[in-house]
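**Student:**
There are 2 protein chains.
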Amino acid sequence: VIQTYGLRKTYVMGDQEIHAVDGIDMSIKYGEYVALMGPSGSGKSTFMNLIGALDTPTAGDYFIAGQLISTMSDDELAHIRNKEIGFVFQTFNLLPRLTALQNVELPLIYAGLSPEQRLEKARHALQQVDLTPRMYHKPSELSGGQRQRVAIARALAGDPSIILADEPTGNLDSATSNEIMGVIDVLHRQGNTIILVTHEPDIAVYAHRVVHLRDGKVEKDESIK
Amino acid sequence: VIQTYGLRKTYVMGDQEIHAVDGIDMSIKYGEYVALMGPSGSGKSTFMNLIGALDTPTAGDYFIAGQLISTMSDDELAHIRNKEIGFVFQTFNLLPRLTALQNVELPLIYAGLSPEQRLEKARHALQQVDLTPRMYHKPSELSGGQRQRVAIARALAGDPSIILADEPTGNLDSATSNEIMGVIDVLHRQGNTIILVTHEPDIAVYAHRVVHLRDGKVEKDESIK
Ligand SMILES: Nc1ncnc2c1ncn2[C@@H]1O[C@H](COP(=O)(O)OP(=O)(O)OP(=O)(O)O)[C@@H](O)[C@H]1O
Ligand SMILES: Nc1ncnc2c1ncn2[C@@H]1O[C@H](COP(=O)(O)OP(=O)(O)OP(=O)(O)O)[C@@H](O)[C@H]1O
Ligand SMILES: [Mg+2]
Ligand SMILES: [Mg+2]
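Structure, rendered in structure tokens:
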């Protein structure tokens, strides 16, 4: 479902070139569960933003569901980002003036659901991450782990078929982490595709395949189940 | 060096009262190394903000170095926050328009150092967290783990005697985490006081005492060395 050829993202700063993603060929099948690991600064978030259609590559091709992303219209891209893909950001990226509930509802507005449907799906997603008592809080009125869980709920609320999660458990205690990984497991068994960035080996073991990045390139790609 | 009696922080939302910190008596000696653990939302960050003099309690007393914080002048409080305490925030709290180097220099301006001294201390702190090649980047041009390391460097640059670190390794791979914990270890052996919030048992083991919070109260307090 995801196919990249020679994918590159280069930043130019002054006379320096930073090859955040330095030529990645990757093929991820429908229903796969991949963990993406690698040192700080190795290009994981940059790569995730490229495959989430949230950023454009400097070079290389990226096909999603067989279609070349660079040839898609704005409507098609918006559809991919909001309906097909659920993205959990490493730094959460919640809107500060909206409540947790409103933040989770946001992608559902693009999906064209009625207000009643949106409310019901958003409430359900917040319940899945154990945040029902906090749904009217704004991000500044939430703990770090609670904000992370709102970001997770927002990614899952629209039932996307591809889940891209960038370090979704970094601010969570182990009990809550395991709960979240359980939710993701269920989504995987329902046939969805999961790509998860993590630094923690205890989280990576939930995946079926682990890809290691270093300096913007794939260093290792192994099956673990 | 840190003493709290019946410390409370209550948030009122509508007709609901949230007891984020619900009566904490804690005594931390000079040179101690304490890990603070507990579930998401149990009050760890709120407690850290209170003892870091970044927030005022709803009730209770807090003594730092024998002095009652509620009787301190603004100057004395500013001195405590910028010179005595180094604080690593859970969500980094970097200024987006400043470079990594400028962000790290910020607390040193309060300390009244000359521009040359500030530059040298800031560069040294960034080198300790392995970020020299990135010191002219702004936060938006840094990876999650790099931003976390800037936040750490900023906390350490002014050689504070009390280090309050709220989940300082959440976004770091294990190699970098161990490096950072090594730096903190050295600071501890130099006689500084360390209080570290963490969810990870592998990080908590560096401490000599572990305090567990639950629902804003101390649930357990044990020596581990
Ligand atoms: N401004 C606020 N208004 C209302 N409630 C708040 C506010 N700030 C924090 N809270 C609540 O206080 C509780 C404690 O928050 P705190 O940030 O201290 O938790 P924590 O232990 O650091 O959690 P985490 O491990 O997720 O970072 C949470 O339930 C949170 O929702
Ligand atoms: N806008 C930018 N300008 C310049 N360099 C950038 C920019 N954004 C990212 N970088 C650099 O690209 C590299 C890869 O960043 P990326 O965020 O993908 O790393 P990462 O693997 O997610 O790291 P972490 O584990 O710390 O989150 C880093 O070295 C970073 O400094
Ligand atoms: Mg990242
Ligand atoms: Mg916290």
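Residue numbers (my numbering), protein chains in the order written: chain L, 26 to 250; chain A, 26 to 250.
Positions of the beta carbon are idealized from the N, C-alpha and C atoms, including for glycine.
In whole angstroms, what is the alpha-carbon distance linking L75(A) and E42(A)?
**Tutor:** The count along the second sequence starts at 1 and reaches residue 75(A) at position 50. The count along the second sequence starts at 1 and reaches residue 42(A) at position 17. Answer to the nearest angstrom: the Cα atoms are 18 Å apart.
**Student:** Between which residues of its own chain and I177(A) is the CB-CB distance below 7 Å, once the five residues before and five after are set aside?
**Tutor:** As a first step, residue 177(A) must be located in the second sequence, where it is residue number 152. Here the set comprises V113, V154, P193 and I205.
**Student:** Measuring from the CB of Q173(L), is there a heavy atom of ligand 2 at a distance below 7 Å?
**Tutor:** Translated into the one-based positions of the first sequence, residue 173(L) becomes position 148. No, ligand 2 has no heavy atom inside 7 Å of this Cβ.
**Student:** Kindly say whether N107(L), judged by its beta-carbon, lies nearer than 8 Å to any beta-carbon of chain A.
**Tutor:** Residue mapping note: residue 107(L) aligns to position 82 of the first sequence, counting from 1. It does not; no Cβ of chain A falls within 8 Å.
**Student:** Got a sec: is the Cβ-Cβ distance from H224(A) to anything in chain L below 8 Å?
**Tutor:** Locating residue 224(A) in the second sequence gives position 199, where the first residue counts as 1. At least one chain L Cβ lies under 8 Å of H224(A).
**Student:** Answer with buried or exposed for T81(A), where buried requires no fewer than 16 other C-beta atoms within 10 angstroms of its C-beta.
**Tutor:** Walking along the second sequence from the start, residue 81(A) turns up at place 56. The residue in question, T81(A), is exposed, as its Cβ has fewer than 16 Cβ neighbours within 10 Å.
**Student:** Between A84(L) and L32(L), what straight-line distance do the alpha-carbon atoms span, to the nearest angstrom?
**Tutor:** Along the first sequence, read from residue 1 onward, the residue named residue 84(L) stands at position 59. Along the first sequence, read from residue 1 onward, the residue named residue 32(L) stands at position 7. Cα-Cα distance, rounded: 6 Å.
**Student:** When burial is assigned at 16 or more other CB atoms within 10 Å of the CB, is L61(A) buried or exposed?
**Tutor:** For the purposes of this step, residue 61(A) is taken as residue 36 along the second sequence, with counting starting at 1. Buried, by the Cβ-count rule.
**Student:** Spell out the partners DSSP gives I220(L) in its beta bridges.
**Tutor:** The residue you call residue 220(L) lines up with position 195 of the first sequence. I220(L) pairs with V59(L) and L189(L).
**Student:** Return yes when the C-beta of I205(L) is under 7 Å from any heavy atom of ligand 1, and no when it is not.
**Tutor:** As a working mapping, residue 205(L) is identified with position 180 in the first sequence. Result no, Cβ not under 7 Å from ligand 1.
**Student:** Establish whether the CB of E145(L) and some CB of chain A are separated by less than 8 Å.
**Tutor:** In the first sequence, residue 145(L) corresponds to position 120, counting from 1. Not one chain A Cβ lies under 8 Å of E145(L).
**Student:** Determine the burial state of K245(A): buried for a count of at least 16 other Cβ atoms within 10 Å of its Cβ, exposed for fewer.
**Tutor:** Translated into positions along the second sequence, residue 245(A) becomes position 220. Counting Cβ neighbours within 10 Å, K245(A) comes out exposed, since fewer than 16 surround it.
**Student:** Distance check for S95(A) and D86(A), CA to CA, integer angstroms please.
**Tutor:** Here residue 86(A) is taken as the residue at index 61 of the second sequence, counted from 1. Here residue 95(A) is taken as the residue at index 70 of the second sequence, counted from 1. Using only the alpha carbons, I get a separation of about 8 Å.
**Student:** Less than 8 Å between CB atoms is the rule here; does L197(A) satisfy it with respect to chain L?
**Tutor:** By 1-based counting over the second sequence, the position of residue 197(A) is 172. Closer than 8 Å to some Cβ of chain L, the Cβ of L197(A) qualifies, so yes.
**Student:** When DSSP labels each residue in this structure, what does E225(L) get in the three-state scheme?
**Tutor:** Mapped onto the first sequence, residue 225(L) falls at position 200. Of the three classes helix, strand and coil, the one that applies to E225(L) here is coil, per DSSP.
**Student:** Does DSSP put S52(L) in a helix, in a strand, or in coil?
**Tutor:** For the purposes of this step, residue 52(L) is taken as residue 27 along the first sequence, with counting starting at 1. Residue state, collapsed to three classes: strand.
**Student:** Just checking: is the beta-carbon of A84(A) within a distance shorter than 8 Å of some beta-carbon in chain L?
**Tutor:** By 1-based counting over the second sequence, the position of residue 84(A) is 59. Not one chain L Cβ lies under 8 Å of A84(A).
**Student:** Do we get a CB-CB distance below 8 Å when we pair S168(A) with the residues of chain L?
**Tutor:** Numbered from 1 along the second sequence, position 143 holds the residue referred to as residue 168(A). By this cut-off, S168(A) is an interface position.
**Student:** Does the beta carbon of K69(L) fall short of 7 Å from some heavy atom of ligand 3?
**Tutor:** As a first step, residue 69(L) must be located in the first sequence, where it is residue number 44. Flag set: Cβ of K69(L) near ligand 3.
**Student:** Does ligand 2 have even one heavy atom less than 7 Å from the beta-carbon of A178(A)?
**Tutor:** One-based indexing of the second sequence puts residue 178(A) at position 153. A178(A): no, Cβ never under 7 Å from ligand 2.
**Student:** Are any of the Cβ atoms in chain L nearer than 8 Å to that of T116(A)?
**Tutor:** The count along the second sequence starts at 1 and reaches residue 116(A) at position 91. Output row for T116(A): interface = yes.
**Student:** Does any C-beta atom of chain L lie closer than 8 Å to the C-beta of A232(A)?
**Tutor:** As a first step, residue 232(A) must be located in the second sequence, where it is residue number 207. Output row for A232(A): interface = no.
**Student:** Against chain C, which members of the segment 56–72 of chain L pass a CB distance test of less than 9 Å?
**Tutor:** Any reference to chain C falls outside this structure, whose protein chains are L and A.
**Student:** Are the beta-carbon atoms of H237(L) and G63(L) separated by less than 8 Å?
**Tutor:** Counting from one through the first sequence, the residue named residue 237(L) turns up at place 212. Counting from one through the first sequence, the residue named residue 63(L) turns up at place 38. Yes, they are a contact pair.
**Student:** Measuring CB atoms only, is the segment 153–167 of chain A touching the segment 184–198 of chain A, in the sense that at least three cross pairs come out at less than 8 Å?
**Tutor:** Judged by Cβ distances under 8 Å, the segment 153–167 of chain A makes no contact with the segment 184–198 of chain A, as fewer than three pairs qualify.
**Student:** Taking E238(L) as part of the beta strand (DSSP E), name the residues at either end of that continuous run.
**Tutor:** Here residue 238(L) refers to the residue found at position 213 when the first sequence is read from its first residue. Looking at the sequence itself, residue 238(L) is Leu, so the reference to Glu does not match. Element bounds for L238(L): R234 to R239.
**Student:** Round the Cβ separation of I53(A) and I220(A) to the nearest angstrom and send it over; I've been treating them as touching at under 8 Å.
**Tutor:** Walking along the second sequence from the start, residue 53(A) turns up at place 28. Walking along the second sequence from the start, residue 220(A) turns up at place 195. Indeed they touch by this definition, with Cβ atoms about 7 Å apart.
**Student:** Is S168(L) near ligand 4, in the sense that its beta carbon is under 7 Å from a heavy atom of that ligand?
**Tutor:** If you number the first sequence from 1, residue 168(L) lands on position 143. Under cutoff, so the answer is yes.
**Student:** Name the chain A residues that come within less than 7 Å of A200(L), Cβ to Cβ?
**Tutor:** Within the first sequence, residue 200(L) is the residue found at index 175, counting from 1. Per Cβ cutoff of 7 Å: P64.
**Student:** For the beta strand (DSSP E) containing V113(L), list its first residue and its last residue.
**Tutor:** Along the first sequence, read from residue 1 onward, the residue named residue 113(L) stands at position 88. Run containing V113(L): I110 to V113, per the beta strand (DSSP E) assignment.
**Student:** Quick check: is the beta carbon of E141(A) nearer than 8 Å to any beta carbon in chain L?
**Tutor:** As a first step, residue 141(A) is located in the second sequence; it is residue number 116 there, counting from the start. It does not; no Cβ of chain L falls within 8 Å.
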